[in-house]
Amino acid sequence: MDWKQEAETSALKEFSELSAKSTRELVKIVSEGEYGNSHQIWKVLALHGNLHEVGWVMFEALAKIKNDTQKVACAKALIELLNVSDLQTQPFHFLDEYEHQAKNLEELETALSTKIGHRK
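In my numbering, the protein residues as written are 62 to 181.
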């Protein structure tokens, strides 16, 4: 098996294992700063959670994540959950320098507050 097949097999296994967990368990995992190896947790949260359950947890994780590909995966899932047509921020914007990311986080925070209310 080559490295690409190994990575795909590992991602499928991680997706399957995470899919078996409850949204509450997934939120706890993310809150503890554990995001997995293949970014599958964001896909699972977007598929199984709803914005009220996972929106702020994902936002807070996005603000803390240092790994660019992990940030993009989290942002993609959060933006999909937000489902706001006039949002300027795109997942790839989290590859930019920090000052740009702060502006993008601000837009996501505003959209989240509008949709589900302010953080508790």
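Think of the CB as a built atom: it goes at the ideal place given N, C-alpha and C, for glycine as much as any other residue.
Taking all protein chains shown into account, H100 has 16 or more neighbouring C-beta atoms within 10 Å of its C-beta and is therefore buried. No residue range can be given for T150, since it is assigned to no alpha helix (DSSP H) and is classified by DSSP as neither H nor E. DSSP places D129 in the uninterrupted alpha helix (DSSP H) bounded by D129 to L143. A residue is called buried when at least 16 other Cβ atoms come within 10 angstroms of its Cβ; F120 meets this threshold and is buried. Per DSSP, H109 is one residue of the alpha helix (DSSP H) stretching across Q101 to H109.
Straight-line measurement puts the Cα of M62 at about 29 angstroms from the Cα of L106. Burial of G97 is indicated by the presence of at least 16 other C-beta atoms within 10 angstroms of its C-beta. Residue environment analysis places F153 among the exposed positions, since fewer than 16 neighbouring C-beta atoms fall within 10 angstroms of its C-beta. Rounded to the nearest whole angstrom, the C-alpha separation of L112 and E168 is 16 angstroms. Boundaries cannot be given for G97, as no alpha helix (DSSP H) includes it and DSSP labels it neither H nor E.
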